[in-house]
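Novice: The working numbering numbers the first residue of the sequence shown as 22 and each following residue consecutively. From the three backbone atoms N, C-alpha and C, an ideal C-beta is built for every residue, glycine too. Keep in mind the model is a prediction, meaning the values are calculated, not measured. Can you keep this structure in mind? I'll have questions shortly.
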Amino acid sequence: MSASAHTDATDIFTRHRPRLFGVAYRMLGSRSDADDVLQDAWLRWHGQDAQALESAEAWLVTVVTRLCIDRLRQAQQERQSYVGHWLPEPLVDLADTAPDIDLFGHALLAPSPEALLEQHSDVSFAYLLLLERLKPEERAAFLLREVFDNDYPDIAAILQKSEAGCRQLVHRARERLARLEQSDQRGAAPRKPLPAASSTVSREAHDTLLQKFMQAVQSGEREAMLGLLAEDARLIGDGGGKVASFPHPLFSGQRISWLYYANIRRFGERIAYRPAWINGSPGLLRYVDGKLESAQVLETENGLIAEIYVVRNPDKLAAIARQTLPPA
């Protein structure tokens, strides 16, 4: 490949990277896995004659989707033996993050695909956990149709199935998600499929709630916490078997408030919190002795915190730790 052709191929791939990352992250629920898929897709793209393609975007989306289906099949097998609850790898939006690096080692001056994706409502933890209940091809067909608005002929070409078969995949996915939405299983299943920070509540309102909750947990004010937590709030933790975490969900605002109170009593000033937006929802980054200890996603109902997802698995915090700074 000539230097000019290499530059053109790089430019084309970079232009489509936000969409490709969006497909991969929603399919896998993991930033690191999505990055791996994009790296693999780039290597395949690098050896492809772009001029011979009718649509570079269609080719890239097809390759990424098929790679994700294969990777998701393997991941779903591995997650059956995952220690504790599996939660998605969080995407964090902070004003002072270090610049992202693209696949070619260049700093991204414009918002990264991850930062742009974080602003979308369909990457909430609740939504991604529902998608985990779908089979890989169902998930791919559903996302391509419902999120990316692909026509069925396009989906059929990507999945190498008939249009009728793809319609059936999407139909089954919709039915399965509807059943899950109706059944509030008291466990790791999400309470609702929609993100906490929905369009019906302003970001400013969530920011206010987030600041109040952060102040309450930082100071150990249980009464203030209780005023912000739903009575039937639920906390779900993910340590991945690498750090301590709750093996079962913790129910009720009372118990959750005691947990935060016990943490501040134990660690005192060694604990520091930073507000953040995580997967489109308000959240907290918690540091102990200056080291990122957890990313906490707060999902709300009726102006109260109804669900808290606490990601402690260090593998899922690595990218955030590289991009963020501890509180001053």
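Based on DSSP bridge pairs, tell me the residues matched to Leu305.
Specialist: Paired residues: Pro296 and Gln317.
Novice: Please go through the same chain and pick out, in chain order, the residues whose beta-carbon is closer than 7 Å to the beta-carbon of Val191, but skip the five residues on each side of it.
Specialist: If we look at Val191 and ignore the five residues flanking it on each side, its Cβ neighbours are Ala162, Phe163 and Arg166.
Novice: To test your reading of the DSSP string, which unbroken alpha helix (DSSP H) runs of 4 or more residues are found completely within the region 133-192?
Specialist: For the region 133-192, whole alpha helix (DSSP H) runs of length 4 or above, ordered along the chain, are 134-139, 146-152, 157-167 and 173-180.
Novice: Looking only at its own chain, which residues have a Cβ that is under 6 Å from the Cβ of Val238, when we skip the five neighbours before and after it?
Specialist: Taken in chain order, the residues that qualify are Tyr281.
Novice: So what does DSSP say about Asp114, is it helix, strand or coil?
Specialist: In this structure, Asp114 counts as strand in the three-state DSSP scheme.
Novice: Nearest-angstrom Cα distance between Ile33 and Pro335?
Specialist: Distance between the alpha carbons of Ile33 and Pro335: 34 Å.
Novice: Find the nearest neighbour of Gln101 within the set Gly261, His227, His67 and Phe272, judged by alpha-carbon distance.
Specialist: Among Gly261, His227, His67 and Phe272, the Cα nearest to that of Gln101 belongs to Gly261.
Novice: Among the candidates Thr321, Leu256 and Gly241, whose CA atom is the shortest distance from the CA of Val287?
Specialist: The question names Val, but residue 287 is Arg in the sequence shown. Answer by Cα proximity: Gly241.
Novice: For Val264, which of helix, strand or coil comes out of DSSP?
Specialist: Looking at Val264 - three-state DSSP - the assignment turns out to be coil, as it is neither helix nor strand.
Novice: Excluding the 5 residues preceding and the 5 following Gly304 in the sequence, name in chain order all residues of the same chain whose CB lies nearer than 7 Å to its CB.
Specialist: Answer for Gly304: Ala297, Trp298, Ala316, Gln317, Val318 and Leu319, listed in chain order.
Novice: Would you call the CB atoms of Pro270 and Tyr308 closer than 8 Å?
Specialist: Their beta carbons are not under 8 Å apart, which means Pro270 does not touch Tyr308 by this criterion.
Novice: Please report the straight-line C-alpha distance between Glu196 and Arg188, rounded to a whole angstrom.
Specialist: One C-alpha to the other measures close to 12 Å.
Novice: Along the alpha helix (DSSP H) that carries Leu61, what are the first and last residues, could you check?
Specialist: Correcting the residue type first, residue 61 is Asp in the shown sequence and not Leu. Run containing Asp61: Arg52 to His67, per the alpha helix (DSSP H) assignment.
Novice: Is Lys312 buried or exposed, if buried means 16 or more other CB atoms sit within 10 Å of its CB?
Specialist: Burial call: exposed.
Novice: Among Val44, Ala178, Gln344 and Ser266, which has the Cα closest to the Cα of Thr108?
Specialist: Sequence inspection shows Leu at residue 108; the Thr mentioned does not correspond to that position. For Leu108, the nearest C-alpha among the options comes from Ser266.
Novice: On a CA-only basis, which of Ala327, Leu247, Thr35 and Ile90 is nearest Asp54? Give me that one, please.
Specialist: Among Ala327, Leu247, Thr35 and Ile90, the Cα nearest to that of Asp54 belongs to Ile90.
Novice: Consult DSSP for Val331 and reduce its assignment to one of helix, strand or coil.
Specialist: Val331: strand per DSSP, three-state reduction.
Novice: What does a CB cutoff of less than 7 Å around Ala131 pick up in its chain, not counting 5 residues either side in sequence?
Specialist: Note that Ala131 scores 42 on pLDDT, short of 50, meaning its location in the model is unreliable; the coordinates nonetheless yield the value given after this. If we look at Ala131 and ignore the five residues flanking it on each side, it has no Cβ neighbours.
Novice: Using the Cα positions of Ala194 and Glu99, report the straight-line distance between them to the nearest angstrom.
Specialist: Each residue's alpha carbon lies about 22 Å from the other.
Novice: Given 7 Å as the limit, tell me if Arg333 has its C-beta closer than that to any heavy atom belonging to the ligand NAD.
Specialist: Within the structure as shown, the ligand NAD is missing, as the structure has no ligands at all.
Novice: Reducing DSSP to helix, strand and coil, say where Glu75 ends up.
Specialist: In this structure, Glu75 counts as coil in the three-state DSSP scheme.
Novice: By the three-class DSSP mapping on this structure, what secondary structure does Glu242 have?
Specialist: Reduced to three states, the DSSP call for Glu242 is coil.
Novice: From this set, Leu81, Ser51 and Glu314, which residue's C-alpha is nearest Thr31's C-alpha?
Specialist: Nearest of Leu81, Ser51 and Glu314 to Thr31, Cα basis: Leu81.
Novice: Using the rule of at least 16 other Cβ atoms within 10 Å of the residue's Cβ for burial, across every protein chain shown, is Leu256 buried or exposed?
Specialist: Its Cβ being crowded by 16 or more others within 10 Å, Leu256 is buried.
Novice: So what does DSSP say about Leu271, is it helix, strand or coil?
Specialist: It is a strand residue.
Novice: Would DSSP call Gly289 helix, strand or coil?
Specialist: Helix at Gly289.
Novice: If you draw a straight line from the C-alpha of Gln95 to the C-alpha of Lys156, how long is it?
Specialist: Each residue's Cα considered, the two are about 12 Å apart.
Novice: Using a Cβ-Cβ cut-off of 6 Å (strictly less than) and excluding sequence neighbours within five positions of Ala340, which residues of its own chain qualify?
Specialist: Within the same chain, Ala340 has close Cβ partners Arg52.
Novice: Go through its chain and collect everything with a Cβ distance to Leu223's Cβ below 8 Å, but skip five positions before and after it.
Specialist: In the sequence under discussion, the amino acid at residue 223 is Ser, which differs from the Leu named in the question. Around Ser223: no qualifying Cβ.
Novice: Can you list, in chain order, the residues of its chain with a C-beta nearer than 6 Å to that of Leu152? Leave out the 5 residues immediately preceding and following it.
Specialist: Hits under 6 Å: Arg160.
Novice: Per DSSP, what kind of secondary structure is Asp253 in: helix, strand or coil?
Specialist: If DSSP states are grouped into helix, strand and coil, Asp253 belongs with the strands.
Novice: Less than 8 Å between C-beta atoms, sequence neighbours within five positions excluded: which residues of the same chain meet that for Leu93?
Specialist: Cβ neighbours of Leu93 beyond the five flanking positions: Met48, Leu49, Pro157 and Arg160.
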